[in-house]
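Here the numbering used here is used: the first residue of the sequence shown is 111, the next is one more, and so on.
C-beta atoms are modelled at their ideal positions from N, C-alpha and C, and glycine is treated no differently.
Heads up, the thing below is written out as C-alpha cells.
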Amino acid sequence: MEKIMINRIVKLIKEKGVNEKTFCDAIGVAQSTFVNWKKRGTEPKAVYIKPISEFLGVSERFLLTGEEDDGVCDTKLQKEIEELDGVYLSLAKEAQENEIDPRDIMMAINMIKDIRKNEKK
C-alpha cells in the first residue's frame, strides 16, 4: 500500500487504464498541476479529493489514508472535509470576484505565518 496520496493516485490511474490528460480533464485540474504534484510529492487540495475519488472509484477515506473503507461512514471526517471545502471555495470565489491575484494571497499567507512565528518567540 502506498503511503503518499499522490503515489496512490498515480497507481490507481494506471490500474484504471486511463491517461493522465483524461484524468486531469475529468477532475478539472491542469495537467501541469498534476505533474507538479508528482514531481514535488505534494498532495492535491481538498477541493479535488471528491472528484478524484469519484473518478478513480475509491472512497475519499482510501484516497486520503490508504485504508480500505470498512463500510462505516466516518461522518465527522466527512463533515470536516465538506466544511473545509466550503470555506476554501467561498474564499477563492470572493478573491476571484474582487480580482485578487493569487500571488497576493500567498504574500498575505506568508505574512501571517511570519507574524505567528514571531509571536511564538
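Among Lys203, Arg171, Glu204, which has the Cα closest to the Cα of Lys189?
Translated into the one-based positions of the sequence shown, residue 189 becomes position 79. Nearest option by C-alpha distance: Arg171.
DSSP on Lys88, reduced to helix/strand/coil?
The structure shown does not extend to residue 88, since the chain spans only 111 to 231, so no value can be given for it.
Member of Glu153, Lys230, Leu122 whose CA lies at the smallest distance from the CA of Glu164
The residue labelled residue 164 in the question sits at position 54 within the sequence shown. The shortest C-alpha separation from Glu164 is found at Leu122.
Quick one: using the 10 Å Cβ neighbour count with 16 as the cut-off for buried, is Tyr158 buried or exposed?
By 1-based counting over the sequence shown, the position of residue 158 is 48. Answer is buried; the Cβ neighbour count reaches 16.
Close-in-space but distant-in-sequence residues of the same chain around Phe133 (CB under 6 Å, 5 per side omitted)
Here residue 133 refers to the residue found at position 23 when the sequence shown is read from its first residue. Ile123, listed in sequence order.
Using three-state DSSP, classify Ala140 as helix, strand or coil.
Counting from 1 along the sequence shown, the entry for residue 140 is found at position 30. Coil.
With DSSP collapsed to three states, give me the class of Gly196.
For this step, residue 196 is matched to residue 86 along the sequence shown. Of the three classes helix, strand and coil, the one that applies to Gly196 here is helix, per DSSP.
Terminal residues of the continuous alpha helix (DSSP H) containing Val128?
The residue you call residue 128 lines up with position 18 of the sequence shown. No alpha helix (DSSP H) holds Val128; DSSP gives it neither H nor E.
So, are the CB atoms of Leu174 and Leu166 less than 9 Å apart?
If you number the sequence shown from 1, residue 174 lands on position 64. If you number the sequence shown from 1, residue 166 lands on position 56. Cβ distance not < 9 Å, so Leu174 and Leu166 don't count as in contact.
Could you give the first and the last residue of the continuous alpha helix (DSSP H) run that contains Asn220?
Here residue 220 refers to the residue found at position 110 when the sequence shown is read from its first residue. It spans 212 to 230 - the alpha helix (DSSP H) in which Asn220 sits, taken as one unbroken run.
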